[in-house]
Each structure stands twice: as C-alpha cells, then as structure tokens.
Amino acid sequence: MLEIGIVRPSTSLWASPVVIVPKPDGNIRFCVDYRKLNRVTKMNAYPMPRTDQMLEKIAKAKFISTIPLTKGYWQIPLDDQAIPKSAFITPRGLFEFTVMPFGMKTAPATFQRMMRDKVLQDLESFADAYIDDVEIAKAVVDFVGHRVGRDTIKPRDALRNVRKRERPRTSTIEKFPRPETKKQVRSFLGLTGYYRRFIKNYADIAIPLALTNLTKKTEPTRVRWTAACERAFNELKSLLKSPPILRPHHWDELFILQVDVSDYGVGAILCQLDNEGQDHPVVFASRKLQPKEMKLSTTEKECLAIVWAVEIFRYYLFGRKFILQTDHNPLVWLNQVKNKNMKLLRWSLTLQEYDIELEHKCGEKHVNVDALSRMP
Numbered sequence: 001m002l003e004i005g006i007v008r009p010s011t012s013l014w015a016s017p018v019v020i021v022p023k024p025d026g027n028i029r030f031c032v033d034y035r036k037l038n039r040v041t042k043m044n045a046y047p048m049p050r051t052d053q054m055l056e057k058i059a060k061a062k063f064i065s066t067i068p069l070t071k072g073y074w075q076i077p078l079d080d081q082a083i084p085k086s087a088f089i090t091p092r093g094l095f096e097f098t099v100m101p102f103g104m105k106t107a108p109a110t111f112q113r114m115m116r117d118k119v120l121q122d123l124e125s126f127a128d129a130y131i132d133d134v135e136i137a138k139a140v141v142d143f144v145g146h147r148v149g150r151d152t153i154k155p156r157d158a159l160r161n162v163r164k165r166e167r168p169r170t171s172t173i174e175k176f177p178r179p180e181t182k183k184q185v186r187s188f189l190g191l192t193g194y195y196r197r198f199i200k201n202y203a204d205i206a207i208p209l210a211l212t213n214l215t216k217k218t219e220p221t222r223v224r225w226t227a228a229c230e231r232a233f234n235e236l237k238s239l240l241k242s243p244p245i246l247r248p249h250h251w252d253e254l255f256i257l258q259v260d261v262s263d264y265g266v267g268a269i270l271c272q273l274d275n276e277g278q279d280h281p282v283v284f285a286s287r288k289l290q291p292k293e294m295k296l297s298t299t300e301k302e303c304l305a306i307v308w309a310v311e312i313f314r315y316y317l318f319g320r321k322f323i324l325q326t327d328h329n330p331l332v333w334l335n336q337v338k339n340k341n342m343k344l345l346r347w348s349l350t351l352q353e354y355d356i357e358l359e360h361k362c363g364e365k366h367v368n369v370d371a372l373s374r375m376p
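To convert, note that position 16 of the sequence shown is 16 in the UniProt record's numbering; the numbers rise steadily by one, no gaps.
As structure tokens, then:
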C-alpha cells in the first residue's frame with residue numbers, strides 16, 4: 001500500500017489500531033479499527049438498495065452476471081481534512097490513508113452514492129450495485145469488451161463451484177440441532193423467517209414454535225418441546241431444502257391477489273397466469289393474528305387481511321390494476337358500513353389508493369390460500 005500511494009507516513013494526532021482478519025482463501029485482510037473515530041463522525045446517510053427489489057429487477061433477464069469490484073473503496077480519494085483522521089498505528093510507525101479505507105462508517109453510503117449517481121447513472125435499465133458488487137441483467141447480450149483481470153474486474157471463482165457451495169449449506173440445515181433454549185428457537189425462526197416469502201404456509205407451519213410461548217420472557221430459558229414443535233421444526237427444515245415453486249413476475253401481465261383469513265392467521269398469494277391459464281404463485285406471504293385481531297368479526301378480519309396484503313405487495317400492485325380474489329365480500333361491507341371508526345376509516349383510505357377488481361372465489365376453490373392462514 002505504501003509503494004502504490006494508498007497510505008503514507010503520518011504525523012497525525014489521530015491513531016487507530018490495526019486488525020488483521022484471515023480470508024476464506026487463505027489470504028489476509030488488512031483492517032483498521034475505526035470505532036472511536038466513528039463515534040464522533042457525522043453520518044452520511046444514503047439509502048441502500050433492497051435485496052428483494054434487486055431480485056425483482058432481474059426476474060425476466062436471461063443473462064445475469066455479478067461483478068465484485070476489487071478494492072473499490074480505494075478509487076475514492078480522501079480530502080485533506082479527512083486524511084489525518086484515517087491514521088493508524090503499526091510497529092513501524094504511524095501511517096494514514098490517501099484514499100477511502102474500509103471501516104469508516106460513512107464509507108458504504110459514500111461508495112453507494114458514487115456507484116448510483118456516477119458510474120451506473122446511464123446503465124440503470126440493466127445494471128445495479130450493492131456497494132462494490134455490481135449486478136448486470138439483460139435479455140440479450142450484444143456487446144463485450146470490458147477488461148477482466150486480477151487488478152481490475154475480478155473473476156469470481158465461486159461461480160464455477162456453485163453446486164459445491166450449495167451442498168454445505170443444505171448440510172448445515174439438515175444438521176441444525178433441535179432447539180433447547182429460547183435463544184436457539186429465536187435463531188431457528190430467524191433463519192427460516194428470512195426465506196418465508198419462498199415457503200408456502202410459513203406462518204401456519206411455524207405456529208407451534210411461535211404461539212406456544214417458547215420465546216416469551218416469562219417462559220423458562222429451556223423450552224418445553226412438544227410433538228407439534230417437533231413436526232413444525234422438521235417440516236421447515238425439509239422445505240428449506242426443497243426448490244421453490246415460485247415463478248418470476250412479468251410487469252406486462254395482470255396480477256392476481258388471493259387473500260384469506262382464519263382464526264389464527266392471514267395468508268396471501270400473489271399470482272399470475274401461466275401459459276396454460278392456471279394461477280402460478282409469484283410471492284407467498286403470511287402472518288399470525290395478534291390477540292386483539294383474533295377478537296374481530298370474520299368480515300373485519302377479511303378486511304384486515306386485504307389491507308395487510310396490498311401493503312405487503314405494494315411494490316407490485318401500486319399504480320396498476322389487479323384482481324383481488326376472496327371468498328367473502330368484505331370490500332362491499334367496508335364501503336357500505338356507516339359511522340366508520342378510525343380503524344375502518346384508515347382501511348378505506350388505504351384501499352382507495354389501489355385499482356382493485358374484485359373477483360369472488362368460493363371457499364372450495366380457495367384452498368391454496370386458505371392453507372396459508374389455517375391451522376393443520
């Protein structure tokens with residue numbers, strides 16, 4: 001770093017310690033512990049892209065590439081006032097960075113802003129970036145020419161061994177031990193909950209773990225494991241090892257929202273028609289009802305489910321017409337009820353933003369989304 005001008009000798013009054021972190025490939029990562037500096041640094045906020053929206057952006061692409069940028073932070077020079085504050089102490093003396101180092105709390109936002117506003121400004125139709133990982137997705141590739149090499153755009157060897165990397169992850173799920181403490185239950189629910197949009201009936205399956213007070217503070221540290229807990233635990237592990245049945249969405253096709261509610265939870269499936277004219281899921285969503293919500297009437301619960309579903313799927317539904325399939329007629333009731341309380345008024349105002357075409361679907365034909373909201 002000294003030879004190529006990334007760092008230089010320093011006489012700064014600041015001095016942060018060095019931390020050497022081993023990398024998976026056997027090399028080391030040189031880091032500086034800037035925690036004390038970060039405590040007195042003003043935050044430079046910039047929104048990070050949401051992973052789910054980045055995935056939606058590439059849904060229709062036939063060619064997808066991920067390009068990790070090598071030492072991307074070093075492409076941004078520090079100004080004269082910032083350089084002394086980057087100083088770090090070593091056995092050979094004090095040094096300071098001339099470029100933006102890893103570890104400063106403003107670095108991710110600064111780099112993300114630079115990538116979005118400068119580098120990818122004219123490439124938004126097919127490229128995006130999450131800090132120093134660039135995602136490129138196109139239906140047709142009609143050009144090449146970027147230079148790939150050790151010191152520029154770095155080839156990702158991991159992509160050559162995707163299958164090899166999938167096996168340990170599946171093995172980890174298979175070997176996940178039966179939770180014995182509340183902390184372990186929370187850990188397992190956190191793992192599975194991260195993938196809940198890919199698991200049909202997630203909230204229903206997880207009810208024995210979530211509703212049996214296993215995670216409440218009033219319960220003992222060691223959990224009381226029941227047969228229902230065991231079934232839920234094994235089923236979620238099994239589903240995490242199975243490939244999802246979701247299809248990528250298409251913006252030029254009509255969305256169909258299926259909603260239902262039971263005594264214990266609400267469920268929703270966002271669908272589009274496949275080539276055979278059958279409903280095909282795009283996203284699953286479900287959640288358990290809160291104790292106060294369980295006391296609502298059936299029609300009120302149905303309205304609650306619809307409002308919750310359109311807000312959950314707002315990214316897909318806002319600003320476009322969609323079909324709402326339900327086995328009751330709650331929207332008619334909501335529009336006709338007199339003397340709305342604040343809750344019903346909020347629901348009415350929320351739904352007014354959407355272009356909804358109501359389609360009645362009797363319960364017998366609505367079993368797919370019913371399963372998302374009902375107990376086994």
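Note that CB positions come from ideal geometry on N, CA and C, so glycine has one too.
If you draw a straight line from the Cα of residue 198 to the Cα of residue 207, it comes to about 17 Å.
Separation of residue 320 and residue 352 (C-alpha to C-alpha, rounded to the nearest whole angstrom) is 13 Å. Residue nearest to residue 331 within the set 89, 304 and 249 is 304 (criterion: CA-CA distance).
Assigned with DSSP and collapsed to three states, residue 128 falls in strand. By a beta-carbon distance limit of 8 Å, residue 107 contacts residue 100. Their separation comes to about 6 Å. About 4 Å separates the CB atoms of residue 286 and residue 203; that is less than 8 Å, so the two are in contact. Residue 298 and residue 116 have their C-alpha atoms some 47 Å from each other.
A contact between stretches requires three or more CB pairs, one per stretch, nearer than 8 Å, and the region 307 to 325 meets this requirement with the region 256 to 274. Residue 280 has 272 as its beta-bridge partners, per DSSP. Pairwise C-beta distances place the region 72 to 81 out of contact with the region 41 to 52, as fewer than three of them are shorter than 8 Å. Per the coordinates, the alpha-carbon of residue 137 lies some 10 Å from the alpha-carbon of residue 55.
Judged by pairs of C-beta atoms under 8 Å, the region 175 to 184 touches the region 220 to 230, as three or more such pairs exist. The secondary-structure analysis by DSSP pairs residue 326 across a beta bridge with 360. Residue 21 sits away from residue 33, with the two beta carbons spaced by 8 Å or more. Along the length of the region 11 to 64, whole alpha helix (DSSP H) runs at least 4 residues long occupy 35 to 39 and 51 to 57, reported in chain order. Here residue 241 is not near residue 264, since their CB atoms are 8 Å or more apart.
Rounded to the nearest angstrom, the gap between the Cα atoms of residue 127 and residue 53 is 13 Å.
Take residue 354, set aside five residues on each side of it, and the residues of its chain with a beta-carbon closer than 8 Å to its own are 310, 317, 318 and 322, in chain order. Per DSSP, the beta bridge partners of residue 258 are 269 and 325. In this structure, DSSP gives residue 287 an extended state, which the three-state scheme calls strand.
Looking at 192, 39 and 40, the one whose alpha-carbon comes closest to that of residue 237 is 192. Within the same chain, Cβ atoms closer than 7 Å to the Cβ of residue 6 are found at 74, 97, 98 and 99, the five residues on either side in sequence being excluded.
Beta bridge pairing from DSSP links residue 181 with 222. If you draw a straight line from the Cα of residue 88 to the Cα of residue 122, it comes to about 38 Å. Under a 10 Å Cβ-count criterion, residue 227 is classified as exposed, with fewer than 16 other Cβ atoms of the shown protein chains found around its own Cβ.
Here residue 203 carries a helix assignment [DSSP, helix/strand/coil]. Put simply, of 232, 95 and 196 the residue whose alpha carbon is nearest the alpha carbon of residue 209 is 232.
Residues of the same chain with a CB within less than 7 Å of the CB of residue 114, apart from the 5 flanking positions on each side, are 76 in chain order. Contact annotation: residue 12 and residue 94 have beta-carbon atoms nearer than 8 Å. Residue 344 is a Cβ neighbour of residue 334, given a cutoff of 8 Å. Around the beta carbon of residue 326, a 10 Å sphere encloses 16 or more other beta carbons of the protein chains shown; the residue is thus reported as buried. In the three-state DSSP reduction, residue 95 falls in the strand class (E or B). Following the DSSP letters along the chain, one finds residue 89 inside the beta strand (DSSP E) bounded by residues 88 to 90. For residue 77, no alpha helix (DSSP H) encloses it, and the DSSP letter there is neither H nor E.
In the three-state scheme derived from DSSP, where H, G and I count as helix and E and B as strand, residue 247 is classed as coil.
In terms of Cβ geometry, residue 256 and residue 235 do not form a close pair [threshold 8 Å].
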